Ligand SMILES: [Zn+2]
């Protein structure tokens, strides 16, 4: 009888592939389209005052319904609530691969907003990151009204 | 609580990849093992509740295929997504409803079949965070850790001390996966960086594992066993989505714990609970868990670990089994905490027994511990 260590059983690959397409909803549609004009929309709850970004049609905190009339423009400036440095990234196939250069990422509170934005950070070294640091959005050269128009956030000029 | 419900049997796997075990073999072993441990047969079971996550299973409605392995053939059966500790909560309610007397609860994940961190990214808002690609459970935990550490002046060494405690504890636990009896703070701090400050040894390992328990109504429990472990209190709470919650504290765990304490008549958990088994997916989370459970004031978790109070010989031992840092078969991890707490009360925690009359077990799910459940277990 063979020992356990000699036993090698077959593994079968079992892909689970499906492409999903979601409607973004009306307020998110406005948010995405406004990026083309370098504008960031949030939505302010008329009941409790919480400001969601990106905008959503309902307030989970007080359970009010929000609408287009509650949209509020945010400045694209904010502060860094937290930061981390990525040394790896998921390769999309289920493995981590090491990054050739570490990438900083941030949790950001935009001026006038309550939600936290999770965004890549740029034009800054990992060791320069500080909690409470002022940051601002960096737009793509020619914004097209897509989420990718927001390239990253960088330390704000004083 | 309306009536009393007890844990009367349990079983768990060795939480590591075993190429000879299919998922159904693993499920069968723990389900059958829990019934054997309770001294009952499949015929005695009224309802079966399983827990797993379809995407981690790689199958949709994955209980359709595992139902026979878990002993649910021609029985009332239901599946809970997420952690098995939530399935135990559900099973408790089904017994309290008076419709069922005996419930079998089973949970499993085989982390070896797909990278669970990839799956974690699929839980994010598909219309926003997922589109940017860099956020997953580890990178979010890194942001949470840094925020918590900055706010309360917690050092990386203090966080590493949690990993050292749990990985050393895991060495005494036959079922644990990552056992490091000689690990040091330096070794933890030199382990591979994933997302600074999260390192290989400050995050839970990717494990394969399953766990099962048998719950019974008071009358049945007394028939079945001389050592029932009573569920004295339970609480469960869901926080807001990642964007819209405080990341530096675990509000939903605090609420779940308060509900469980209220039901169990616990006013001072530090003094009234003998041992704690919690689901710390990251080392810093355990410090946050101390605070949310009311074992110390906000921001003072670091003092408990530094003074060794949560060590096996401390005043409030936390994770003598090694916790999630010792083994994390994701959907089974919280249910394993329930079993480990029950083992302490039954005096069956060989090698890491704490004198215990009352124990707390904690399960969680979601990025940065969005959702939490707490059980208070007791011998009387
Ligand atoms: Zn509101």
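Chains as they are written, first to last, in our numbering: chain A, 1 to 158; chain B, 1001 to 1380. Even glycine gets a Cβ: it sits at the ideal position worked out from N, Cα and C. Owing to the predicted nature of the structure, the values given are computational and were not obtained by experimental measurement.
inquiry  = Could you check whether the Cβ of residue 1146 of chain B sits closer than 8 angstroms to any Cβ belonging to chain A?
reply    = yes
ask   = CB of residue 113 of chain A to nearest heavy atom of ligand 1: below 7 angstroms?
value = no
Boundaries of the alpha helix (DSSP H) in which residue 1274 of chain B is found, first to last residue = Segment: none, residue 1274 of chain B is in no alpha helix (DSSP H) and carries neither H nor E.
inquiry  = Suppose contacts are defined by Cβ-Cβ distances below 8 angstroms. Is residue 136 of chain A in contact with residue 77 of chain A by that definition?
reply    = yes
task = State the CB to CB distance for the pair residue 115 of chain A and residue 1004 of chain B, rounded to an integer number of angstroms; the pair is presumed to be in contact (CB under 8 angstroms).
result = The pair is not a contact, with the Cβ atoms about 44 angstroms apart (cut-off 8 angstroms).
request  = Taking 8 angstroms as the cut-off, decide whether the C-beta atoms of residue 1205 of chain B and residue 1156 of chain B are in contact.
outcome  = no
query = Which residues mark the beginning and the end of the beta strand (DSSP E) in which residue 104 of chain A is found?
reply = 96-110
request  = Mark residue 1345 of chain B as exposed unless 16 or more other C-beta atoms lie within 10 angstroms of its C-beta, in which case mark it buried.
outcome  = buried
ask   = Buried or exposed: which applies to residue 1074 of chain B, given that a residue is buried once 16 or more other Cβ atoms fall within 10 Å of its Cβ?
value = exposed
key: Segment contact flag, the segment 1104-1118 of chain B with the segment 1083-1090 of chain B, C-beta cutoff 8 angstroms, min 3 pairs   = yes
message = I need the boundaries of the alpha helix (DSSP H) containing residue 1331 of chain B, first residue and last residue.
response = 1330-1346
ask   = Between B:1026, B:1101, B:1072 and B:1028, which lies nearest to residue 1222 of chain B when the distance is taken from Cα to Cα?
value = B:1101
query = ligand 1 heavy atoms versus the CB of residue 50 of chain A: any closer than 7 angstroms?
reply = yes
message = Strictly under 8 angstroms for the Cβ-Cβ distance: is residue 1001 of chain B near chain A by that measure?
response = Confidence at residue 1001 of chain B is low in this model, with a pLDDT of 49, below 50, so the placement of that residue should be treated as unreliable; the coordinate-derived value is given next. With 8 angstroms as the cut-off, residue 1001 of chain B does not count as an interface residue toward chain A.
ask   = Exposed or buried, which one is residue 1 of chain A when buried takes at least 16 other CB atoms within 10 Å?
value = Residue placement at residue 1 of chain A is poorly supported in this model, since its pLDDT is 43, which falls under 50; the coordinates still yield a value, given next. Under this definition residue 1 of chain A is an exposed residue.
ask   = Quick one: what's residue 155 of chain A bridged to in DSSP?
value = A:135
ask   = Should residue 1383 of chain B be listed as close to ligand 1, given that the test is whether its C-beta is under 7 angstroms from any heavy atom?
value = In the structure as shown, chain B begins at 1001 and stops at 1380. Residue 1383 of chain B is therefore absent and cannot be evaluated.
message = For residue 1169 of chain B, tell me which candidate among B:1350, B:1369, B:1364 and B:1218 has the shortest Cα-Cα distance.
response = B:1350
message = Going by DSSP in three states, residue 124 of chain A sits in which element: helix, strand or coil?
response = coil
key: DSSP-derived helix/strand/coil call for residue 1203 of chain B   = strand
ask   = For residue 1079 of chain B, which residues of its own chain have a beta-carbon under 6 angstroms away from its beta-carbon, when the five flanking residues on both sides are left out?
value = 1050 and 1063
ask   = Just to check, is the beta-carbon of residue 69 of chain A closer than 7 angstroms to a non-hydrogen atom of ligand 1?
value = no
query = Contact between the segment 1277-1293 of chain B and the segment 145-156 of chain A: three or more CB pairs below 8 angstroms?
reply = no
query = Run through DSSP, which three-state label would residue 1290 of chain B get?
reply = helix
Cβ distance (whole Å) where residue 1141 of chain B is taken to contact residue 1331 of chain B below 8 angstroms = Not really, about 18 angstroms apart at Cβ, beyond 8 angstroms.
Rounded distance between the beta-carbons of residue 121 of chain A and residue 75 of chain A, thought under 8 angstroms = No, residue 75 of chain A and residue 121 of chain A are not in contact; Cβ-Cβ is about 18 angstroms, not under 8 angstroms.
query = What residues in the segment 1010-1033 of chain B bring their beta carbon closer than 8 angstroms to a beta carbon of chain A?
reply = 1019 and 1020
ask   = Hey, would you say the C-beta of residue 1218 of chain B is under 7 angstroms away from at least one heavy atom of ligand 1?
value = no
message = Going by C-alpha to C-alpha distance, which of B:1091, B:1302, B:1138 and B:1361 sits closest to residue 1215 of chain B?
response = B:1091
message = Residues in the same chain with beta-carbon distance under 7 angstroms from residue 1193 of chain B, minus the five sequence neighbours each way, listed in chain order, please.
response = 1199
request  = Spell out the partners DSSP gives residue 17 of chain A in its beta bridges.
outcome  = Residue 17 of chain A is not bridged to any residue.
query = When the Cα of residue 1249 of chain B is compared with those of B:1190, B:1039, B:1182 and B:1284, which residue comes out closest?
reply = B:1284
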